[in-house]
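Reading through the structure tokens given below for one structure.
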Amino acid sequence: EPVPSTSGSKRTQPDSVEESSEPPKKKAKTSPVRPYWLHEGIVIKVVVKSLASGKYYKQKGVVTKVIKKYAAKVKMIKSGDALLLDQEHVETVIPAIGGKVLVVNGEHHGKEGTLKELNIDSFTGTIQLKDSEETISLPYEHFCKTHVK
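Using full-length UniProt numbering, the letters of the sequence shown correspond one by one to residues 1 to 149.
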């Protein structure tokens, strides 16, 4: 009996090697950059021409509700129309310098801040986080203008 259990433990060694290779994969999955980024209260821009024969193309709206992480109810600013849009059909809006933003992806997602400067060469913005001395540099798609009521 001890012999099979020894061979059994030898069989578990490759498993343990596989298990030890899994944590890096898990770390990649729980990476702070997520495939979804919609948040209530942000201003988005419609980037599809096919929607309503282009009526909303490049028009801005405010996310009023996020649905299943990848879709949102959006109230269009100009027309007041309410639309249901997929994340793929919209993009983040960058405010003017000094404008309020919400970090929508990455390590600081969900935090509010103020846009301090834009670096056009690297497609990043410098954000001063609210209630913090910390400033962070983020890609354009990781922060978004917030709707001021």
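All C-beta atoms in this analysis are idealised placements derived from N, C-alpha and C, irrespective of residue type, glycine included. Just so you know, these numbers come straight off a predicted model, no measurement behind them.
For Asn-119, the CB contacts under 8 Å within the same chain, skipping 5 residues up- and downstream, are Gly-125, Thr-126, Ser-137 in chain order.
Distance from Phe-143 to Thr-92 at the Cβ level is roughly 7 Å; contact confirmed, criterion being Cβ atoms closer than 8 Å. If you draw a straight line from the Cα of Ile-67 to the Cα of Gly-99, it comes to about 26 Å. The alpha-carbon of Gly-113 is positioned some 33 Å away from that of Gly-54. A distance below 7 Å between beta-carbons, with the five flanking residues on each side excluded, links Val-90 to the following residues of its chain, in chain order: Ile-44, Lys-45, Val-46, Val-47. Per DSSP, the continuous beta strand (DSSP E) segment holding Phe-143 begins and ends at 143-145. Ranked by Cα distance from Asp-81, the first of Leu-51, Glu-133, Lys-69 is Leu-51.
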